[in-house]
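Only one structure is covered here, and it is reproduced in the block below.
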Amino acid sequence: MKIVVCVKRVPTTDVQAKIAADGAALDTSGFQYMLSFYDELAVEQAILTKEQLGGEVVVVTVGPGDATKELRECLAKGADSAVLIKDDAWMDRDARSTAKVLADKVRELGADLVFTGRVATDRDNAAVGAMLGTLLDWATVTDVSELELTESGGTAKRESESGVETLTFSLPAVVTCDKGLNEPRYAGLKGIMAAKKKPVEEVDAPAAENHVQVQSLALPAERQEGRIVGEGAAAVPALIEALQNEAQVL
Amino acid sequence: MFGEARPRGVPPVGPGGDSRPSRLPGRAAGNTMKPFQQLDFLGLDAELSEDERMVRDTVRSWSSERYLPIVMDHFEAGTFPTEVLPELGEMGLFGANLPEEYGCAGLNNVAYGLICQELERADSGLRSAASVQGSLVMWPIFEYGSEEQRREFLPRLATGELIGCFGLTEPDFGSNPGGMRTTARRDGDDWILDGRKMWITNGTIAQIAIMWARSEEGFLGFVVPCDAPGFSAPEQKHKFSLRASVTSELVLEDVRVPDSARLPKAKGLRAPLSCLTQARYGIAWGGVGAALACFDEALQYTKERVVFDKPLAGFQLPQKKLADMATDITLGQLMALRLGRLKDAGTLTPAQVSMGKRNNVHLGLEVARTVRDMLGANGISLEYQVGRHLCNLESVITYEGTHDIHTLALGHELTGIPAYR
Ligand SMILES: Cc1cc2nc3c(=O)[nH]c(=O)nc-3n(C[C@H](O)[C@H](O)[C@H](O)COP(=O)(O)OP(=O)(O)OC[C@H]3O[C@@H](n4cnc5c(N)ncnc54)[C@H](O)[C@@H]3O)c2cc1C
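Same order as they appear, the protein sequences are chains A and B. For the first sequence, position 130 matches number 130 in our numbering, and the numbering has no gaps at all. Numbers in our numbering are just positions in the second sequence, counted from 1, shifted up by 250.
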């Protein structure tokens, strides 16, 4: 089975977001990057699938030249090869345009199964995985938290606020991975050494045809400092008064 | 914080955690410090290769996710969580700079140093366990052992299936091991070992001990199975330092081992001392790790702690301390990295290692003392890391050659005149 995992490098979760001078992009100076958390789940699921059914795992990303670091991490965990589709403007590429590039690569690689994360933890769009499935015209199952696979298809569970849905699907398919699906492994040091010898193909991304443009970015309003109005039952009248008149929520 | 800072339902990481969402169970300590941010004032990351950074980041994630959540309780209870040893083995951390043909990771020495840095950023006891296993047990078997000994022991030590200890220090002989009283005498094809060792890291939990003894043929080293008749390893209790680490006495009463247990290439005191040079190299990195943990804690704390209507970090005295510490840590980082590159080039000298161990452990201890004070009363709480590091480093400055012994080693190197006696 040929499995492709589409991953994205994202800024680490501890960076302080600053808006660049043009007001429509982030000031990325001082950013550190990591693999998006849900993509770690996707990589782990691909390796587990390979361990179960055999086959080959190829990791694909659209990103800048130095995204090889994140790809090597995936190779260190057990992926067989990687493709870096180079795009210096990767942060500005819209979801559709990203999905298009990925779909072309997935077709070229001749994959049977694609895993992606549920969402990338930077933009929070949760769009690329579903769009990829649509562009490929494959079975698409999103937000999967439990999965059983055979050579020809699988059964997936997806949890939503309204309940748990169980689905069956045929291959080829795109599966987007949610929390609970697995526990990503640590890359062993031997894996890190082995990763140095695994192939990483670098190709230039076709120019993006973005249909969506970011007009402006704004940081969330700073939360106002809390105020303790009193303690215990005696504080209730003051609290009600504040909720009614100050916060105006009652 | 940025975008979806943490996936839904993933709890915040504990003190010293890193930016990666915690994926594993474990109790985070009480204070909710931000993820660990490593000081890199001179951009030394750019001097590291991609795989060196990957090794560091992997060990950093593991330490944050698996070790920091449990170390406080173990430190308080005076226990070492032995269950992490197979995990370290599985990742390939033991003897990581030894060749792959013996089941090791075959990393370069900078990557190995970064492992020590990251383990000691979590706890000196953890780094001690790994240093003993890698530098003081696996390295002497690799360097002084027969091919059979290498094949018999190294792969199982690498996975953590076997744990080893290193017995050199005795109750009456620490800085001057040449006075040791433990003896090895021939009896037919066997050797009989007698004596007592003290302060032996991992002693009680080890399956094999690298034992050093005097004999008619000079100082010799042996790989002794810890279940041999006459061998016992009672744990030393009531330590205030390296509490999350096992320290033991080794008692050998007529312990009989075959000649095949002797390390054939180890002749004279140079052999055990050369093992110490290996371990000290890692400790030079470890000292930086402990200092980085304490510095990060101080920086975060003083930015948040408001006194006299202003963050502590906004006053001149804390700023001077932060500036001094950042400078000293940067110098320590430069020294560790240079030592590593020299070691990889094969030109590192024992005196250079002495300078690294002496400077960087002292660095760690000075930073820990300063930060302890900067945190006020919280600085004495084990909910913060600094108190643990401070106590631990009081051992690290003593073992593997005391600070003053390394002073004398440097004095000897610089002047050509030994002043040990
Ligand atoms: C937690 C812990 C773990 C350890 N683990 C191990 C282990 O796994 N294996 C092992 O073999 N050992 C181990 N040790 C022992 C350690 O290596 C020794 O404690 C160390 O070498 C110092 O020896 P000592 O304690 O006998 O001190 P001493 O040698 O008695 O030194 C006492 C003081 O005198 C100073 N001093 C000594 N000689 C001179 C001199 N010539 N001139 C000036 N000053 C001098 C020293 O600097 C020190 O300040 C461990 C120790 C500790 C605390």
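Note that CB positions come from ideal geometry on N, CA and C, so glycine has one too. Just so it is clear, the structure is predicted and the values come from calculations on it, not from any experiment.
Which of helix, strand or coil DSSP assigns to residue i
i	result
R273 (chain B)	Note that R273 (chain B) scores 33 on pLDDT, short of 50, meaning its location in the model is unreliable and no value can be drawn from it.
K284 (chain B)	coil
M430 (chain B)	coil
E202 (chain A)	strand
W462 (chain B)	strand
G226 (chain A)	coil
A278 (chain B)	In this predicted model, A278 (chain B) has a pLDDT of only 36, less than 50, meaning its place in the structure is not dependable enough to derive any value.
Y649 (chain B)	coil
L562 (chain B)	helix
K50 (chain A)	helix
T116 (chain A)	strand
F472 (chain B)	strand
K487 (chain B)	coil
P262 (chain B)	A caution first: P262 (chain B) carries a pLDDT of 34, below 50, which makes its placement in the model unreliable, though a value can still be read off. The answer is coil: DSSP assigns P262 (chain B) none of H, G, I, E or B.
I19 (chain A)	strand
L185 (chain A)	Checking the sequence, you will find Arg at residue 185 (chain A) rather than Leu. Coil at R185 (chain A), not helix or strand.
CA nearest to the CA of residue i, picked from the options
i	options	result
P285 (chain B)	B:R310, B:A380 and B:G614	B:R310
A187 (chain A)	A:A234, A:Q244 and A:E73	A:E73
V7 (chain A)	A:G129, A:V164 and A:A173	A:G129
V83 (chain A)	A:V144, A:V57 and A:S216	A:V57
H656 (chain B)	B:S645, B:E644, B:E467 and B:Y670	B:Y670
D204 (chain A)	A:E146, A:A46, A:K86 and A:D22	A:K86
D440 (chain B)	B:E351, B:D504, B:A459 and B:G537	B:D504
Y317 (chain B)	B:G342, B:E368, B:P479 and B:E350	B:E368
A24 (chain A)	A:V249, A:A247, A:P220 and A:Q215	A:Q215
Q569 (chain B)	B:I630, B:L549 and B:Y649	B:L549
K69 (chain A)	A:A234, A:I192 and A:G230	A:I192
P514 (chain B)	B:F469, B:L562, B:A456 and B:L348	B:F469
C354 (chain B)	B:L404, B:S396, B:L376 and B:Q528	B:L404
K190 (chain A)	B:A408, B:G453 and B:Y634	B:A408
D422 (chain B)	B:M430, B:C415 and B:M461	B:M430
L640 (chain B)	B:E650, B:D654 and B:L625	B:L625
L664 (chain B)	B:F558, B:M605 and B:Y634	B:M605
E547 (chain B)	B:F344, B:T580, B:Q635 and B:N642	B:Q635
R96 (chain A)	A:E209, A:I240 and A:L250	A:E209
A379 (chain B)	B:N359, B:F565, B:E333 and B:R619	B:E333
Enclosing beta strand (DSSP E) for residue i [first to last residue]
i	result
P405 (chain B)	Element bounds for P405 (chain B): not the beta strand (DSSP E) but the alpha helix (DSSP H), E397 to T409.
I442 (chain B)	D440 to T451
S313 (chain B)	It is not in any beta strand (DSSP E) - S313 (chain B) carries neither H nor E in the DSSP assignment.
C415 (chain B)	G414 to G417
F169 (chain A)	G163 to S170
K2 (chain A)	K2 to V7
C177 (chain A)	A173 to C177
Any C-beta of chain B under 8 Å from that of residue i
i	result
E73 (chain A)	yes
L147 (chain A)	no
I19 (chain A)	no
K190 (chain A)	yes
F14 (chain A)	This sequence places Asp at residue 14 (chain A); Phe is not what is there. At least one chain B Cβ lies under 8 Å of D14 (chain A).
T68 (chain A)	yes
M91 (chain A)	no
Y33 (chain A)	no
A242 (chain A)	no
K196 (chain A)	yes
A187 (chain A)	yes
A24 (chain A)	no
M193 (chain A)	yes
A76 (chain A)	yes
First and last residue of the uninterrupted alpha helix (DSSP H) at residue i
i	result
F325 (chain B)	L318 to A327
P336 (chain B)	V334 to M341
T98 (chain A)	A95 to L109
V538 (chain B)	R520 to E554
D594 (chain B)	Q566 to A595
I85 (chain A)	No alpha helix (DSSP H) contains I85 (chain A), which is instead part of the beta strand (DSSP E) from S81 to K86.
Residue i at chain A interface by Cβ criterion, 8 Å
i	result
M304 (chain B)	yes
K284 (chain B)	yes
S311 (chain B)	yes
D301 (chain B)	yes
M341 (chain B)	yes
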